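Asker: Let me begin by handing over the structure; questions about it come next.
Number of protein chains: 2
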Amino acid sequence: MLRIMWGRSNLCTKLLNNFHTKYYDVKVQRTIQTLINGNRIIKQRSFNTQRLDITIEESNQKLCHDKKQLDCSTFTYRTHTCGDLRSEHVGQNVVLCGWVQYARLSKFLLIRDSYGLTQCIVNNTYININDLPLETIVKVVGTVASRPKDMYNHEMATGEIEIIINKLEILNEVSKLPFNLRKYQKPKEQLRLQHRYIDLRFPEMQNVLRQRSKMVHNMRKFLVEEHSFVEVETPTLFCRTPGGAREFVVPTHHSGLFYSLVQSPQQFKQMLMAGGIDRYFQIARCYRDEATRPDRQPEFTQLDIELSFTSLNGIINLIELLLIKTFDGKLPKLPFKRITYMEALESYGTDKPNLRYDLKLKNVSSLFSQSSTDTNFGAFVLPYTSKLVKLTAKYKEKINEIRKKYNVRVVLNENISKEIGHEINEEIKSIIGEENDIILSVGDKKNVCLCLGEIRNVLTAVLELKSLIKINDDLEPFWIVDFPLFEMGEDGLQPCHHPFTAPHPDDLHLLNTDPLKVRSLAYDIVLNGHEIGGGSVRIHNAELQERILKMLNIDSSKLSHFMNALKSGCPPHAGIALGIDRLMAVLCTAESIRDVIAFPKSHDGKDPLSGAPNKISSDDQKYYHIKSTET
Amino acid sequence: MLRIMWGRSNLCTKLLNNFHTKYYDVKVQRTIQTLINGNRIIKQRSFNTQRLDITIEESNQKLCHDKKQLDCSTFTYRTHTCGDLRSEHVGQNVVLCGWVQYARLSKFLLIRDSYGLTQCIVNNTYININDLPLETIVKVVGTVASRPKDMYNHEMATGEIEIIINKLEILNEVSKLPFNLRKYQKPKEQLRLQHRYIDLRFPEMQNVLRQRSKMVHNMRKFLVEEHSFVEVETPTLFCRTPGGAREFVVPTHHSGLFYSLVQSPQQFKQMLMAGGIDRYFQIARCYRDEATRPDRQPEFTQLDIELSFTSLNGIINLIELLLIKTFDGKLPKLPFKRITYMEALESYGTDKPNLRYDLKLKNVSSLFSQSSTDTNFGAFVLPYTSKLVKLTAKYKEKINEIRKKYNVRVVLNENISKEIGHEINEEIKSIIGEENDIILSVGDKKNVCLCLGEIRNVLTAVLELKSLIKINDDLEPFWIVDFPLFEMGEDGLQPCHHPFTAPHPDDLHLLNTDPLKVRSLAYDIVLNGHEIGGGSVRIHNAELQERILKMLNIDSSKLSHFMNALKSGCPPHAGIALGIDRLMAVLCTAESIRDVIAFPKSHDGKDPLSGAPNKISSDDQKYYHIKSTET
């Protein structure tokens, strides 16, 4: 709407700024002409204020609606929120508190809180609203009056009433803000994060934080009230996890000794199983020092669950029910799809595919003679509509970069006959259909798949740009199962999940002879291309755990407490962790997890608000027996 | 019961150990004679097993009862818990999982889980339970059968039935435990903490952790469902709080830069008020490096609350209602008592008095001539029943130590006439009554009170030992209000609460002239001698905040983000934090907060389980740009 107005007249913009309509859409309706001549009208007392009223965000509307059953004003000196009042309140004396949204003509004062907007009217000369700075916090004591019916604002929840001000109190005045709360003039993220306490007033942030609180509360209700889970808080200051991610260290006043900040409550939750807390959960704060990875936070939150006497299916059923109950109506019917790791790799080239569009790899290895002699050999094609005709040089360069990363051969559609031979090209075309072009990759099978998986993302972006692919808006959660237990790392075998994951019982015989072929009882849940959680059946047998640790070259003496817990009569158990930040981000279609966290860090782990991390004093260094070695 | 048996015969003990009746009270009833002759009876097949059944702890009984509305077996391969089965289940095929509580006569297998005990019967020769080590985890597939009516065990929730075992599966076998789970042979705390995963199986720990989970869940329900609060997670990696407690530091890979672990979400919750999250709460993990103070943990949990547009009374009403709703029936009627700080100091010599017994200080300053010239002078007596007659040398020494600490004069009852004069002694006696003896203290008024406050604790212990004082069992929560805003520290004024606490509006005129006389809008809630929470109305005006910081000699530039938040139109607000660990400990009458925490640290901040804190590698030191300076 605003954009249309800008097109018509510069005067509109000026006028709107004068009116301080801020971040809400201005409802123009039939008054566009009035607006263009606004400068004159402003000076007239008879100006029709209703015509300029505010369109409340849908999200706020929802809050107001939810709110009807709730009282958001208990224990405060307001009687109602700015979203509460309706025709039924006419005649009541009320107290409202809120930010000055705009004030004009010495008469109209629009105040806002997190629940809505209310128009207040000055009708005596003692009250002066002329010099009220925007975003000043005020308290209005007044009487609810009905607006004339033709001046109802149906776009505003409180649009049928206004408050006749009896007393106006300035609670906290504002001098100058670093940015305005205009929706279409949102400042850059860095500035918003630096002044997060203002940024949080935007309806999007209000909505996200309130929805997040509700979501987590509903998860708790499901677990505690319907399924007798017990929430147990576990420590975050602990010892280093051998073989895990990089963990922050915390010096203590014991000379030379450090805690590590836990990367997850994994060891604790397994020890709780040994301790008879057989249905455990926790909304747990976790720490990982991964400043270099994009869209990660040094601290994050996970819903952590562990259950005794259960199986892979037990946990999968539990989480499916939990998600369905928490996101009623937003998810497909149960059960969610399950895909094996191998299937995901061979069809999508990734273990967290986005299934919302139809673009699948195809295995054409059998057309190549190497496939009969080299078990690691793979040839896969990625078919796509021939309507795309040609990839531009920019995308070809991108594809080439991906190819280099995986060290495989990639052949674009136009070169296949030339490079691979007409015959094979014909065979491929007969499989995938004439209406499709292809990208072919040949080489180490896993790398070929991963390479085409990344090319698939690039290709989707191109196809979407040209409207040649349909991307489904639905939420499409599914499970990946049958992960390998190990993968080959630089220093030998690495756990694919973590060292406590149980091997698949059907593959135990391969543990010594062909460990890379052993599947595990791990599972991931993937939502629209994001891994939102993962877990596994755990090893409960100390002997087997010892054997796995040895294969992974992990010194089990550093885990003696954990090994002793397994030996003490630890029940068989399994568990999972869901990433709350990521889950919220996907559900709110937020670009970054920063958008669903009240006070996030920037991507280099710095706090834009306080400037943390900071230097510490030499006294602190002495107390903690450390010396900062600046480089 | 067990103790009676020990008195009668050593044989009993031996027998009980043989039967592995573990930590549950043995119900002796009319079978005491049978027991004494047990050795013989054991060898007879006809031994009446019901007579030796187990008394379930009251706490477990409760769990079973609660459980009836709940299903504790969803998503598992057990059909019921060991506390579930009743006569109505007779004939059903069931699957139970649990620890071997005892196994004997090749026939009787008692299995236990966190919900109760169930007796299982072997009635075929294929199943061998003879060599089953205690605490081994087993799965029993069987059929529920009725016990003969005269063999019902009414002390056991499942006492009307037994399970005829069809299949017995050993899920995880135990070799040797570091200690047994016998109630009357509980090992020392250090050993229990070292093997916490076994210690947690004791019914007391099960009860505490499950009650804690319920308590916190009920608090959340009250706040979210009844009063529209929003739970917001705030970061723990932040900048140093100027003027606060000692904070752990966390080195980062940015050379020379450290995070601090937050001691509370104070700054964040106030910034949330500025950001429009006007009804905030969080069950928040907090960190303080106070290894030297007894019964503290380096990390602890608080219920953190902040509310916009409220007052001291608003928060007090909120918390009273929250506690009443959470601990239904355990607390006195509302409203709780309120005592001013001065009243508490002058009547009990502390700001967290225990009101469960009647022992009060009395101000007798007016009897001394100094009181008219020296406003800091105080003379107080602590009256106590003369039936005590005389304090032993041991207690006199204790009192002397306290006296030295506060540098005041203390005169015991027998010396008053001699040291202070007969006349004053008579006057005091006429005030406090002839039936009382007294301890008198004279000197700096505050120190005199604090000194007598500590002596009051010592005296109470003596009086209790001799049954000369009645200590009420009730929970007696009350509020302390009207704290001073400042106290005098070594380097000048210090905040009594924290630097963000609002001064009492009636005392603002004293801020420049007599700051130590200024009261604050802070409040503490005290329960049976423990401070379980505290909070205040905050300063929302940037100018006033600046002035207070200056008086406290705190550099406000280190709080520029916070000051800017106040300037951005921050609503007036107030808040509180309740210590969840302490609250649980008081409610469970636990001796230490360690008893209500799943995995606590020892008092020197060490983790008895893993041995943390530990040395870190030189690679880690290099990565974090620190050098450990061992001394």
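Line by line, the protein sequences give chains B and Z.
Numbering (the working numbering) for the first sequence: 1 to 631.
Numbering (the working numbering) for the second sequence: 632 to 1262.
Glycine is no exception: its CB is placed at the ideal position from the N, C-alpha and C atoms.
These numbers were taken from a predicted model, which means no experiment stands behind them.
Rounded to a whole number of angstroms, what is the C-alpha to C-alpha distance between A1205(Z) and V847(Z)?
Answerer: Here residue 1205(Z) refers to the residue found at position 574 when the second sequence is read from its first residue. Here residue 847(Z) refers to the residue found at position 216 when the second sequence is read from its first residue. C-alpha separation (whole angstroms): 22 Å.
Asker: Around the Cβ of A876(Z), are there at least 16 other Cβ atoms within 10 angstroms (buried) or fewer (exposed)?
Answerer: Residue mapping note: residue 876(Z) aligns to position 245 of the second sequence, counting from 1. Label assigned to A876(Z): exposed.
Asker: Taking 8 Å as the threshold (C-beta atoms), are I121(B) and V144(B) in contact?
Answerer: Locating residue 144(B) in the first sequence gives position 144, counting from the first residue. Locating residue 121(B) in the first sequence gives position 121, counting from the first residue. Not closer than 8 Å, so no.
Asker: S114(B) to D1138(Z), Cα distance in whole Å?
Answerer: Numbered from its first residue, the first sequence carries residue 114(B) at position 114. Numbered from its first residue, the second sequence carries residue 1138(Z) at position 507. Rounded to the nearest angstrom, the two C-alpha atoms are 34 Å apart.
Asker: In whole angstroms, give me the CA-to-CA distance for L949(Z) and L468(B).
Answerer: Position 318 of the second sequence holds residue 949(Z). Position 468 of the first sequence holds residue 468(B). About 58 Å.
Asker: Does the distance from the CB of Y918(Z) to the CB of Q894(Z) come in under 8 Å?
Answerer: Taking the second sequence and counting its residues from 1, the one referred to as residue 918(Z) is at position 287. Taking the second sequence and counting its residues from 1, the one referred to as residue 894(Z) is at position 263. The answer is yes: Cβ separation under 8 Å.
Asker: Is it true that the region 187 to 199 of chain B meets the region 807 to 820 of chain Z, where meeting means three or more beta-carbon pairs spaced less than 8 Å apart?
Answerer: Result no; under three Cβ-Cβ pairs closer than 8 Å.
Asker: Can you find a C-beta in chain Z that's less than 8 Å from the C-beta of S264(B)?
Answerer: Counting from one through the first sequence, the residue named residue 264(B) turns up at place 264. Not an interface residue.
Asker: Leaving out the 5 sequence neighbours to the left and right, which residues in its chain are closer than 6 Å to Q837(Z) when beta-carbon positions are compared?
Answerer: Working through the second sequence from its first residue, we reach residue 837(Z) at position 206. Contacts found: S745.
Asker: Enumerated in chain order, which unbroken segments of the alpha helix (DSSP H) with a length of 4 residues or greater are wholly contained in the region 497 to 557 of chain B?
Answerer: 542 to 551, all fully within the region 497 to 557 of chain B.
Asker: Can you list, in chain order, the residues of its chain whose CB lies under 7 Å from that of V1168(Z), leaving out five sequence neighbours each side?
Answerer: Your numbering for residue 1168(Z) matches position 537 in the second sequence. For V1168(Z), where only same-chain residues beyond five positions count, the Cβ hits under 7 Å are S942, L943, A1133, L1152 and A1205.
Asker: Nearest to D514(B) by alpha carbon, out of E487(B), G535(B) and D524(B)?
Answerer: Counted from its first residue, the first sequence places residue 514(B) at position 514. Among E487(B), G535(B) and D524(B), the Cα nearest to that of D514(B) belongs to E487(B).
Asker: Three-state secondary structure (DSSP) at C286(B)?
Answerer: Indexing the first sequence from 1 puts residue 286(B) at position 286. Here C286(B) sits in strand by DSSP.
Asker: Keeping to the same chain, check which residues put their C-beta closer than 6 Å to that of T385(B); ignore five residues upstream and five downstream.
Answerer: For the purposes of this step, residue 385(B) is taken as the residue at position 385 of the first sequence. Cβ neighbours of T385(B) beyond the five flanking positions: L468.
Asker: Say whether chain B places a C-beta atom closer than 8 Å to the C-beta of M782(Z).
Answerer: Numbered from its first residue, the second sequence carries residue 782(Z) at position 151. No, no contact with chain B.
Asker: Can you say whether H1053(Z) is buried or exposed, counting buried as having 16 or more other CB atoms within 10 angstroms of its CB?
Answerer: Residue mapping note: residue 1053(Z) aligns to position 422 of the second sequence, counting from 1. H1053(Z) should be labelled exposed.
Asker: Suppose you measure from the CA of V462(B) to the CA of F75(B); what does that come to, to the nearest Å?
Answerer: Position 462 of the first sequence, counted from the start, is the residue given in the question as residue 462(B). Position 75 of the first sequence, counted from the start, is the residue given in the question as residue 75(B). Rounded to whole angstroms, V462(B) to F75(B) spans 55 Å at the Cα level.
Asker: Under 8 Å, do P809(Z) and L824(Z) count as touching if we go by C-beta distance?
Answerer: For the purposes of this step, residue 809(Z) is taken as the residue at position 178 of the second sequence. For the purposes of this step, residue 824(Z) is taken as the residue at position 193 of the second sequence. Result no, Cβ atoms of P809(Z) and L824(Z) do not sit closer than 8 Å.
Asker: Residues of chain B with a CB under 9 Å from the CB of H1171(Z): which are they?
Answerer: As a first step, residue 1171(Z) must be located in the second sequence, where it is residue number 540. Going along chain B in sequence order, the residues near H1171(Z) (Cβ under 9 Å) are I137, L171 and N172.
Asker: Just tell me which of T756(Z), I792(Z) and R778(Z) has its CA closest to the CA of L716(Z).
Answerer: Translated into positions along the second sequence, residue 716(Z) becomes position 85. Considering only alpha carbons, the answer is I792(Z).
Asker: Contact criterion: CB-CB distance below 8 Å. Does E490(B) meet it with respect to chain Z?
Answerer: For the purposes of this step, residue 490(B) is taken as residue 490 along the first sequence, with counting starting at 1. No, its Cβ sits nowhere closer than 8 Å to a Cβ of chain Z.
Asker: Have a look at G1084(Z) and G1064(Z) and give me their C-alpha separation to the nearest angstrom.
Answerer: Residue mapping note: residue 1084(Z) aligns to position 453 of the second sequence, counting from 1. Residue mapping note: residue 1064(Z) aligns to position 433 of the second sequence, counting from 1. If I take the Cα positions, the gap works out to 21 Å.
Asker: Does the separation of the CB atoms of G243(B) and L609(B) fall below 8 Å?
Answerer: Locating residue 243(B) in the first sequence gives position 243, where the first residue counts as 1. Locating residue 609(B) in the first sequence gives position 609, where the first residue counts as 1. Their beta carbons are not under 8 Å apart, which means G243(B) does not touch L609(B) by this criterion.
Asker: Below 8 Å, how does it come out for the region 273 to 282 of chain B and the region 1250 to 1262 of chain Z: are there three or more Cβ pairs, yes or no?
Answerer: In short, these stretches do not touch, since the Cβ pair count stays below three.
Asker: For A565(B), which three-state DSSP category applies?
Answerer: To locate residue 565(B), count along the first sequence from 1; it is residue 565. Looking at A565(B) - three-state DSSP - the assignment turns out to be helix.
Asker: Quick check on V847(Z) - is its C-beta less than 8 Å from some C-beta in chain B?
Answerer: Translated into positions along the second sequence, residue 847(Z) becomes position 216. Yes, its Cβ sits closer than 8 Å to a Cβ of chain B.
Asker: Is the CB-CB distance between R969(Z) and V771(Z) below 8 Å?
Answerer: Residue numbering aside, residue 969(Z) sits at position 338 when the second sequence is read from its first letter. Residue numbering aside, residue 771(Z) sits at position 140 when the second sequence is read from its first letter. Result no, Cβ atoms of R969(Z) and V771(Z) do not sit closer than 8 Å.
Asker: To which residues does DSSP link D1310(Z) through a beta bridge?
Answerer: No answer is possible for residue 1310(Z): the residues shown for chain Z start at 632 and end at 1262.
Asker: Residues bridged to R969(Z) by DSSP?
Answerer: Translated into positions along the second sequence, residue 969(Z) becomes position 338. Answer by DSSP bridge pairing, in chain order: W1110(Z).
Asker: Tell me whether Y733(Z) is buried or exposed, calling it buried when 16 or more other Cβ atoms sit within 10 Å of its Cβ.
Answerer: Here residue 733(Z) refers to the residue found at position 102 when the second sequence is read from its first residue. With 16 or more Cβ atoms within 10 Å of its Cβ, Y733(Z) is classed as buried.
Asker: Return helix, strand or coil for H573(B), following the three-state DSSP convention.
Answerer: Position 573 of the first sequence, counted from the first residue, corresponds to residue 573(B). Note: H573(B) maps to strand in three-state DSSP.
Asker: Short of 7 Å in beta carbon distance, which residues of its chain neighbour V863(Z), apart from the five on each side in sequence? Order them along the chain.
Answerer: As a working note, residue 863(Z) is residue 232 in the second sequence. Excluding sequence neighbours, V863(Z) sits near L903, I908, Y911 and Q913.
Asker: From T872(Z) to L888(Z), what distance separates their C-alpha atoms?
Answerer: The count along the second sequence starts at 1 and reaches residue 872(Z) at position 241. The count along the second sequence starts at 1 and reaches residue 888(Z) at position 257. When rounded, the distance between both Cα atoms is 15 Å.
Asker: Rounded to whole angstroms, how far is the Cβ of I1217(Z) from the Cβ of N1159(Z), which I believe are closer than 8 Å?
Answerer: In the second sequence, the residue the question calls residue 1217(Z) occupies position 586. In the second sequence, the residue the question calls residue 1159(Z) occupies position 528. The amino acid at residue 1217(Z) is misidentified as Ile; the sequence shows Val. Correct: roughly 6 Å between the Cβ atoms.
Asker: Determine, for Q616(Z), whether the minimum Cβ-Cβ distance to residues of chain B falls below 8 Å.
Answerer: There is simply no residue 616(Z) to check, as chain Z begins at 632 and stops at 1262 in what is shown.
Asker: Starting from N614(B), find everything on chain Z with Cβ-Cβ shorter than 7 Å and list it in chain order.
Answerer: Along the first sequence, one-based indexing puts residue 614(B) at 614. Going along chain Z in sequence order, the residues near N614(B) (Cβ under 7 Å) are C870, R871, L888 and F889.
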